[in-house]
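Following: one structure in structure tokens, then a few remarks.
Residue numbers (our numbering): 382 to 546.
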């Protein structure tokens with residue numbers, strides 16, 4: 382639940398800063414990028430510190446090298462968080478994180494169905510866990526769509542300009 386709280390809190394805080402007069406933070410896509418970056422930083426770090434063993438236990442037994450998989454996914458989450466903050470890589474990061482959420486969903490299903498414990502507590506059930514994952518995926522897709530649309534519009538504007546002799 383902490384990742385969802387971070388996503389919402391940071392997104393709203395950045396949006397509030399924009400409303401309070403910080404021009405670069407006025408748009409919802411910028412606020413959502415910041416919220417996602419904070420959330421993926423939190424979840425990425427947890428792959429290495431604090432919850433590593435619990436995350437390894439979430440990997441379905443049919444997959445090889447659970448420790449390596451947790452390390453790789455943690456590194457990808459951290460890279461994606463950085464990518465969301467860099468204007469040139471926003472679309473790539475959002476697309477990659479969307480794919481990562483889809484690929485990692487079976488681990489969430491396994492954790493919910495097997496009753497794997499996180500931080501010593503029982504994990505969320507399958508339905509609430511799925512809803513949270515849908516929120517995360519919707520947020521990454523919203524950022525992806527916004528920045529792909531902006532790039533397309535910018536490239537059409539450049540293509541429509543007459544050549545300067």
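Just so you know, even glycine gets a beta-carbon here, dropped at the ideal spot from N, CA and C.
Query                                                                                                          : Result
Start-to-end residues for the alpha helix (DSSP H) that takes in residue 438                                   : 433-439
Cβ neighbour criterion (16 or more within 10 Å) applied to residue 467                                         : exposed
Contact under 8 Å by Cβ, residue 445 with residue 488                                                          : no
Member of 526, 514, 433 and 471 whose CA lies at the smallest distance from the CA of residue 453              : 433
When 393, 491 and 456 are compared against residue 426, the one with the closest alpha-carbon                  : 456
Residue range of the alpha helix (DSSP H) that includes residue 445                                            : Here residue 445 belongs to no alpha helix (DSSP H), and DSSP marks it neither H nor E.
Separation of residue 389 from residue 406, as counted between CA atoms                                        : 15 Å
N-terminal and C-terminal residue of the alpha helix (DSSP H) that residue 389 is part of                      : 383-400
Inter-residue Cα distance where the pair is residue 393 and residue 383                                        : 15 Å
Extent of the continuous alpha helix (DSSP H) to which residue 416 belongs                                     : 409-427
Cα-Cα separation between residue 437 and residue 518, rounded to whole angstroms                               : 22 Å
Buried versus exposed call for residue 414 [16 or more other C-beta atoms within 10 Å across all chains shown] : buried
Enclosing alpha helix (DSSP H) for residue 505 [first to last residue]                                         : Careful: residue 505 lies outside any alpha helix (DSSP H) and carries neither H nor E.
Sub-8 Å separation of residue 461 and residue 472 beta-carbons                                                 : no
Segment contact flag, the stretch 478-497 with the stretch 510-525, C-beta cutoff 8 Å, min 3 pairs             : yes
N-terminal and C-terminal residue of the alpha helix (DSSP H) that residue 477 is part of                      : 471-495
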